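Numbering (this note's numbering), first residue to last: 15 to 129. Even for Gly, the Cβ is constructed at its ideal location relative to N, Cα and C. Only a predicted model underlies this, so the values are computations on that prediction, with no experimental measurement involved.
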Amino acid sequence: QVQLVESGGGLVQPGGSLRLSCLVSEPIARFPIMGWYRHPPGRQRERVAMSTNRNIADLLDSVKGRFTVSRDNTKNTLTLQMNNLKPEDTAVYYCNAQRMGDVYWGQGTQVTVSS
Numbered sequence: 015q016v017q018l019v020e021s022g023g024g025l026v027q028p029g030g031s032l033r034l035s036c037l038v039s040e041p042i043a044r045f046p047i048m049g050w051y052r053h054p055p056g057r058q059r060e061r062v063a064m065s066t067n068r069n070i071a072d073l074l075d076s077v078k079g080r081f082t083v084s085r086d087n088t089k090n091t092l093t094l095q096m097n098n099l100k101p102e103d104t105a106v107y108y109c110n111a112q113r114m115g116d117v118y119w120g121q122g123t124q125v126t127v128s129s
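Structure, rendered in structure tokens:
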């Protein structure tokens with residue numbers, strides 16, 4: 015059973031930074047697509063970032079220039095670096111991994127941006 019464990023969430027003031035990590039129980043090179051999703055309160059879940067095992071990355075328009083997604087194959091980790099955080103970034107953030115039609119999710123980590 016593939017396991018994804020997120021960490022790094024918390025409470026931060028507007029303009030601050032957080033670094034989310036997703037540790038995977040298998041080599042992440044086995045997953046062609048990985049990503050970060052978020053579920054803001056009262057809104058639908060949305061994809062924030064996507065990363066392929068061919069080093070292609072894509073970001074939600076509202077986070078471009080502030081967030082960066084990266085893979086570390088040596089640590090089996092997907093990372094989301096979030097800078098200049100805004101209150102509208104408040105959400106539960108989930109890590110996602112996909113391969114051969116199977117989709118795996120982490121348990122989520124809360125990010126709260128508030129003064």
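Open item on the list: Bridge partners for residue 33 per DSSP, in chain order?
Closed with: BP columns for residue 33 point to 95.
- [ ] Indicate whether the contact test is met: 3 or more Cβ pairs, each with one atom in the segment 21-31 and one in the segment 41-52, closer than 8 Å.
- [x] At 8 Å Cβ cutoff, the stretches do not touch.
- [ ] Return the residue from the list 52, 96, 69 and 68 that minimises the CA-CA distance to residue 61.
- [x] Checking every option, the nearest Cα to that of residue 61 belongs to 52.
- [ ] Report the residue from 20, 34 and 105 whose alpha carbon sits nearest the alpha carbon of residue 58.
- [x] Out of 20, 34 and 105, 105 has the C-alpha closest to the C-alpha of residue 58.
Open item on the list: Applying the 10 Å Cβ sphere with the 16-neighbour rule, what's the burial state of residue 114?
Closed with: With fewer than 16 other beta carbons inside 10 angstroms of its own, residue 114 counts as exposed.
TODO: Ignoring anything shorter than 4 residues or poking outside the segment 43-70, list the alpha helix (DSSP H) runs there in chain order.
DONE: DSSP runs (the alpha helix (DSSP H)) wholly in the segment 43-70: none.
- [ ] Quick one: using the 10 Å Cβ neighbour count with 16 as the cut-off for buried, is residue 50 buried or exposed?
- [x] With 16 or more Cβ atoms within 10 Å of its Cβ, residue 50 is classed as buried.
Task: Whether residue 11 touches residue 34 by CB criterion (7 Å) - done: An answer regarding residue 11 cannot be provided, because it is not within the stretch 15 to 129 covered by the chain.
Task: CB of residue 23 within 7 Å of CB of residue 93, strictly - done: Cβ atoms of residue 23 and residue 93: not closer than 7 Å.
Task: Whole-number beta carbon distance between residue 121 and residue 20, since they are thought to touch under 8 Å - done: Contact flag correct, Cβ pair sits at about 7 Å.
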